[in-house]
Each structure stands twice: as structure tokens, then as C-alpha cells.
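Taking full-length UniProt numbering, the leading residue of the sequence shown gets 1, the next gets one more, and so forth. Each residue gets a CB set at the ideal place from its N, CA and C atoms; glycine is no exception. Given the structure is predicted, the values throughout are model-derived calculations rather than measurements.
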Amino acid sequence: LTHFVMAKELKHCKSVDELQCNENVKHKAKDFVRKYMNKFGPVYQRSSDDD
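Set out below in C-alpha cells:
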């Protein structure tokens, strides 16, 4: 999930050197993760894959 958030932020920068984790980015990332995890209900349970 954190890699996805970082990839989204990198789309707005010309280079990796411009990427800064300021309060605005932290707030957007927090909201994104909260909305994403709400899809799984109040308690996240990992699915059991029987491979």
C-alpha cells in the first residue's frame, strides 16, 4: 500500500529528488489508506490461500 501511495505522488514530480513528505502528503496518504481499508470491514482478516 505504501508503494502505491508513493507511486501516485511520484506522478506529480519530475524527478525523485523533488519528492517531499510534507504534512499535506501525509494527510492525503492517511485518508487514502483509511478509505482503502474500510472496504475490508472493521477488522481486517487475511484470506487463507491454500496453494
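- Runs of the beta strand (DSSP E) lying entirely within the UniProt domain "Set2 Rpb1 interacting" (1-45) and spanning at least 3 residues: none are present.
- A direct Cα-to-Cα measurement between C21 and T2 gives close to 12 Å.
- If you draw a straight line from the Cα of R46 to the Cα of C13, it is about 34 Å long.
- Excluding residues up to 5 positions away in sequence, V5 lie with their Cβ nearer than 6 Å to the Cβ of A29 in the same chain.
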